[in-house]
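Participant:
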Amino acid sequence: MQLASSGGRRLRHAALAARKLALEDGRTVTRKELSAAARDAGKALDLRPAQRAILSELVACWGEQEWERLLVWPSNDYLMSRTGLTERAIRRILRQLVDLQLIAPKDSPNGKRYAVKDLAGQVVDAFGFDLTPVYARRGDWAVVLMEQKQLREVQKRAFDEVTICRRAAEEALSALAEHFPEVDRSELEARLKTLQACTPPRSRITLPADLLDAWQLLRTDVEEVFYETGKAGLGVLHTNNNNGSPSEPCNKGFPKKAEAVRSTEQPSEHLSPELILEACPAISDYGQPVRDLADIVSAGRYLRASLGAHESAWAEAVEDIGTTRAAIAVIYVLQLYEDDAAKNGGESRIKNPGGYFRALTRMVKSGKIDLTVELLAMRRRRMS
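In the numbering used here, the protein residues as written are 1258 to 1641.
As structure tokens, this is what we get:
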């Protein structure tokens, strides 16, 4: 003779603690509210996909009855058909949800899950699982999620600072190699490689302890070596490579007159200074009179920094499309950026003008964009 199951289960402290959680007096809970609380709980506790699936199915069974407890009674067969999990996996996950105080079991005399109805057929009680804990603890989920958000912000700022220190250290080492090649940089470069190797990607939530301090220390040390080697700019003889007349003005800090335009990069006759001045009034930021193409090149070299474009972007543009067209591309992108900002209340849709300049250069090189046509269209729009 096979004995019927008594429905008994091992007593768990978490289940007893969950039963003590209750709703506010007179509180009614909709399925939407319960589902939102379950989603927050899944994020706060970092539930696995299978656990979230079971919890979501339990929430979907809530019938919005006006009860003091949020009772549901889906069978394991139903949960298997909805999730595709095995019965063994479902039993294990239900125990885990109980241990996490997300649900509390309410066992029937025979261990089955079912609803209790009155003579009129109305459901008045049920045996199964109580979802009251997951909703009653919604304040806990909000606190945990806020703490997680603050932690992510702290980590983001830490990774940003590491990036700044890394770039500054690399720039300082590059400057040392360029201006003071006799200085021994081996120890600093070894520290840089070590830190680069042990710095995790941004996808990780935590940054190893003291790593940010190590990056900041490396940046300080490298910049201090460069500062001391250069004697802070004092007592260092200036190397004068200017073979021209000593009476020529210094041009007040602006770039010197651009080199002559090579015959291989002679622009179209339409790319005249007059066209560029009419189409791109932003060239006025140069602050110097523009009379010929050499002045255009000087303006482009000077305004390149206004785009936030790196020197390597300028060097690539000069190599690909020539000095003159590189300068015109700088002025054109600067005008596009200012026009777009004026149309959108001071916020341009071009978020990275330097990157836009680099992309434009490559399209000009490949023939996808003709600067003459673009400038003529820009002047026509401005005049109309």
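Ideal Cβ positions, reconstructed from N, Cα and C, are used throughout, including at glycine.
Roughly how many angstroms separate the alpha carbons of L1469 and H1567, rounded to a whole number?
Facilitator: Near 26 Å, if we compare the C-alpha coordinates of H1567 and L1469.
Participant: Whole alpha helix (DSSP H) runs in the stretch 1306–1355 with 4 or more residues, listed along the chain?
Facilitator: 1306–1317, 1333–1340
Participant: With distance defined between alpha-carbon atoms, name the residue in L1591, R1414, R1352 nearest to S1223.
Facilitator: Outside the displayed range of the chain (1258 to 1641) lies residue 1223, so it cannot be described from this structure.
Participant: What is the residue span of the beta strand (DSSP E) that K1374 lies within?
Facilitator: Note, K1374: beta strand (DSSP E), 1371–1374.
Participant: Where K1622 and I1585 are concerned, what is the direct C-alpha to C-alpha distance, given to the nearest angstrom?
Facilitator: 13 Å
Participant: Exposed or buried, what is P1538 when buried is set at 16 or more other beta-carbons lying within 10 Å of its beta-carbon?
Facilitator: It counts as exposed.
Participant: Would you kindly work out how many angstroms separate the C-alpha atoms of F1386 and V1401, rounded to a whole number?
Facilitator: 25 Å
Participant: Going by beta-carbon coordinates alone, are V1587 and L1560 separated by less than 9 Å?
Facilitator: yes
Participant: Can the beta-carbon of L1550 be found closer than 9 Å to that of Y1589?
Facilitator: no
Participant: So is F1614 buried or exposed if we call it buried at 16+ other beta carbons inside 10 Å?
Facilitator: buried
Participant: Of all the options R1558, S1563, A1562, which has the alpha carbon lying nearest to the alpha carbon of T1581?
Facilitator: R1558
Participant: Relative to the C-alpha of V1391, which residue among A1310, D1297, A1317 is closest?
Facilitator: D1297
Participant: Which residues does DSSP pair with V1380 in a beta bridge?
Facilitator: K1374
Participant: Taking 9 Å as the cut-off, decide whether the C-beta atoms of Q1308 and I1360 are in contact.
Facilitator: no
Participant: Which residues in the same chain as V1547 place their Cβ atom closer than 7 Å to its Cβ, once the five residues preceding and following it in sequence are excluded?
Facilitator: P1530, L1534, I1540, I1553, A1556
Participant: If you check the beta carbons only, do A1570 and G1611 fall under 9 Å apart?
Facilitator: yes
Participant: Looking only at its own chain, which residues have a Cβ that is under 7 Å from the Cβ of K1514, when we skip the five neighbours before and after it?
Facilitator: Only weak support is given to the placement of K1514: the predicted model assigns it a pLDDT of 41, under 50, and the question is left unresolved by the model.
Participant: Would you tell me roughly how many angstroms separate the C-alpha atoms of L1430 and G1487, rounded to the nearest one?
Facilitator: 13 Å
Participant: Contact between the stretch 1327–1347 and the stretch 1395–1411: three or more CB pairs below 8 Å?
Facilitator: no
Participant: May I ask you to report which of helix, strand or coil DSSP gives F1386?
Facilitator: Note: F1386 maps to strand in three-state DSSP.
Participant: For the putative contact between L1327 and T1389, defined by C-beta atoms under 8 Å, what is the C-beta separation to the nearest angstrom?
Facilitator: 5 Å
Participant: How many angstroms separate the CA atom of Q1322 from the CA atom of G1299?
Facilitator: Between the alpha carbons of Q1322 and G1299 lies a distance of about 24 Å.
Participant: Would you grab the beta carbon distance between V1482 and A1426 for me? Rounded to a whole angstrom, and I think it's under 8 Å.
Facilitator: Going by Cβ atoms, the distance from V1482 to A1426 rounds to 11 Å, so no, they are not a contact pair.
Participant: Assign Y1484 to one of two classes, buried (16 or more other C-beta atoms within 10 Å of its C-beta) or exposed (fewer than that).
Facilitator: Classification of Y1484: exposed, given that the 10 Å Cβ count is below 16.
Participant: With distances taken Cα to Cα, identify the nearest neighbour of V1373 among L1464, S1365, A1383.
Facilitator: A1383
Participant: Around the C-beta of V1630, are 16 or more other C-beta atoms found within 10 angstroms, so that it is buried, or is it exposed?
Facilitator: V1630 comes out exposed.
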